[in-house]
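Each residue of the sequence shown is one higher than the last, beginning at 3 in the numbering used here.
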Amino acid sequence: MEQEILKARYTQQEITRKYNWIAPIYDLFGVLMESKYRQRALEIAAIRNGEKVLEVALGTGLNFVEILKRNPNGWVDGVDVSMKMVAKARNKICKTGQRNYTLHLCDCRHLPFEDEAFDVVMNQYLLDILPVEDFIPILLEFKRVLKGGGRIVLVNMTKGERWLNQIYEGIYRLKPPLLAGCRGVMAQPFLKKIGFDQFQREFVSQLGFPSEVVRGMKRNGSG
Ligand SMILES: C[S@@+](CC[C@H](N)C(=O)[O-])C[C@H]1O[C@@H](n2cnc3c(N)ncnc32)[C@H](O)[C@@H]1O
C-alpha cells in the first residue's frame, strides 16, 4: 500500500458540522466538479432493476435519485451522518414520487443493516475526507452488508498525474478554510487487502479535479 495519503484535516465531529453548514450550497460543487464521475460510477455499477442497493454518504441525494430511476422495482437505502444533507436529499428524492427507499441518519462505521443485505454498495467522496486509519474498518463494514458476489463502487478524489490535477491537493496543503477538505486517495489497495477482487478502476478529471471510480466484487463465502 505504497501511497502517500495526507493527514485528514477534520475530526468526524468537525466533518459533520461542516456538511451541515455547507448543505445549502453543496450541489454547486457536486454538479460542477463531480457530475462526470457520478455518471461513470452509475454505468460501472450497472444496477439492475429489482436489486437491493445501499448508498453510503448519500449527501444531498444527487446520486441517490439516479439509483432510484434505474431501480423502480428494487429497494434503495441511503445513509449519511449530516442532518442537513439528509434533509436536502429527502426534498430532492420526494420529487421522484418513488417510495422504495429509506434514508438513515447514522455514521457509516456502524451500518444499521444485517449481514449480506445488499447486491450493490455505492459510496462517493467519503474516504477522501476521513482519516486513513478508518479506511479498513469502514470498508469492512461495507463488505459485511454486501452479499457474496455483490459489487462495491467507490468514487474518491484521487492522485493526479498532471500539474492541473495536482492543484487541488496543493490547495488542500494550504488549508483554505472554505473547502471541505478532501485529498487524493487510491481505494483499490485497501479493497484488495480485505479480499475484494475483479477490480475495475478509471481516472477522469473534471475542471482538473482528479477522481477515481473503483469497482470491486465480494467473493462468495468470503465473510
Ligand atoms: C463530499 S460529500 C459527498 C456527498 C455525496 N456522496 C456526493 O457525492 O455528492 C461527503 C458526505 O459524507 C457524509 N459523511 C461524512 N462522514 C460520514 C460518516 N462517518 N458516515 C456517513 N456519512 C458521512 C457527509 O455528511 C457528506 O454528506
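All C-beta atoms, glycine included, are put in the ideal place defined by N, C-alpha and C. Model, not experiment: these values are computed from the prediction.
Residue i versus the options, residue with shortest Cα-Cα distance
i	options	result
F211	H106, W165, E6, G197	W165
F120	I138, D82, E57	E57
C110	K145, A91, R101	K145
V88	M159, N75, T18, V33	T18
V206	I131, N75, S37	S37
S84	D130, V67, P26	P26
W77	Q190, N51, V215	N51
G225	G151, F66, I169, K86	G151
D130	R217, Y174, W23	Y174
S213	D29, A47, H112, L128	L128
Endpoints, alpha helix (DSSP H) assigned at residue i
i	result
L70	66-72
L132	Here L132 belongs to no alpha helix (DSSP H), and DSSP marks it neither H nor E.
V88	85-96
L60	Element bounds for L60: n/a, residue is neither H nor E.
Heavy atom of ligand 2 within 7 Å of residue i beta-carbon
i	result
G61	This structure lacks ligand 2; its bound ligands are ligand 1.
Unbroken beta strand (DSSP E) run spanning residue i, endpoints
i	result
Y21	Segment 14-24 is the alpha helix (DSSP H) holding Y21; no beta strand (DSSP E) there.
R217	211-220
V2	The chain is shown only over 3 to 225; residue 2 falls outside these bounds and no answer can be derived.
R203	198-208
K9	Taken as a continuous stretch (DSSP letters only), K9 belongs to no beta strand (DSSP E), as it is neither H nor E.
Integer Cβ distance of residue i from residue j, believed to fall under 8 Å
i	j	result
I69	L141	Their Cβ separation, rounded to whole angstroms, is 20 Å, which puts I69 and L141 out of contact at 8 Å.
V55	V122	5 Å
I138	F192	6 Å
L64	R40	6 Å
Proximity test, residue i beta-carbon vs ligand 1 heavy atom, cut-off 7 Å
i	result
G32	yes
V155	no
T18	yes
R111	yes
N65	yes
V55	no
I131	yes
S37	no
M219	no
Q190	no
V81	yes
Q14	yes
V1	A question about residue 1 goes unanswered here, because the residues of the chain that appear run from 3 up to 225.
Y103	no
L128	yes
Y21	yes
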